[in-house]
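Remarks on the structure that follows.
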Ligand SMILES: Cc1cc2nc3c(=O)[nH]c(=O)nc-3n(C[C@H](O)[C@H](O)[C@H](O)COP(=O)(O)O)c2cc1C
């Protein structure tokens, strides 16, 4: 099974969680191709043909990103806007990614209790990810249970770096287990 990991992180050099996850995935024996959007593209203009070709070659697509303002970083949204085009991902002939799997894999700063109806952020993570879920339904992607990890923001006051790295390694294990299950 071929996996395409679309990584969106505007500052991977300062990342702890996503950097660790990606390093763990690179070490695995699974066939995972990583495309880091902010490294490939500096602005809004992206190579749609190359991105669609990468999608066509994959069985499973992973969107890997830090949760930003209850969604993904802007580069991933821009990528979806352009790559999931008419007659490619939707429309009368838009069946090109139908039947592939989509896994949302994201790291969050907030703790689990913040993502409850009476919590600070009011909504469960799964509810906040609904736009991705509906995008999957519209395009015929199989929406796999999202994989997410809380308490991933690293700052000396909030979290110990080694703890965040541990959580990130555990997260990567869950991603790899899910990929193995799908294969
Ligand atoms: C612009 C921005 C927006 C953020 N929005 C959220 C948010 O909505 N919810 C949340 O739990 N954490 C939020 N965070 C925290 C990040 O999710 C967290 O720092 C990240 O997952 C850590 O991963 P990294 O080490 O790979 O950067 C935000 C961080 C930034 C910089």
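Numbering (the numbering used here), first residue to last: 909 to 1091.
By construction, the Cβ of each residue, glycine as well, lies at the ideal position given by its N, Cα and C atoms.
What do you reckon, is the C-beta of residue 984 under 7 Å from a heavy atom of ligand 1? Residue numbering aside, residue 984 sits at position 76 when the chain shown is read from its first letter. Every heavy atom of ligand 1 is 7 Å or more from the Cβ of residue 984, so no.
Using DSSP with H/G/I as helix, E/B as strand and the rest coil, what is residue 1020? Here residue 1020 refers to the residue found at position 112 when the chain shown is read from its first residue. Helix at residue 1020.
Residue 974 - partner residues in DSSP beta bridges: As a first step, residue 974 is located in the chain shown; it is residue number 66 there, counting from the start. BP columns for residue 974 point to 1015.
Please determine if the segment 990-999 and the segment 1030-1038 are in contact, where contact requires at least 3 C-beta pairs separated by less than 8 Å. no
Ignore the nearest five residues each way along the sequence and tell me which others in residue 1083's own chain have a CB closer than 6 Å to its CB. Numbered from 1 along the chain shown, position 175 holds the residue referred to as residue 1083. Closer than 6 Å at the Cβ level, and outside the excluded window around residue 1083, lie 1013 and 1055.
Which listed residue (1078, 1038, 1076 and 1058) has its alpha carbon closest to that of residue 1022: Translated into the one-based positions of the chain shown, residue 1022 becomes position 114. Selected option, being the one with the closest Cα: 1058.
The alpha helix (DSSP H) enclosing residue 1081, as first and last residue numbers: For the purposes of this step, residue 1081 is taken as residue 173 along the chain shown, with counting starting at 1. Residues 1069-1090.
Mapping the DSSP letters down to three states, classify residue 940 as helix, strand or coil. As a working note, residue 940 is residue 32 in the chain shown. The answer is strand: DSSP assigns residue 940 an E or B state.
Which residue's Cα is closest to the Cα of residue 978: 1016, 968 and 1069? By one-based count along the chain shown, residue 978 stands at place 70. Distances from the CA of residue 978 to each of 1016, 968 and 1069 were compared; the closest alpha carbon is that of 1016.
Would you call residue 972 buried or exposed, if buried means 16 or more other Cβ atoms sit within 10 Å of its Cβ? Here residue 972 corresponds to residue number 64 of the chain shown, with the count starting at 1. Buried is the call here.
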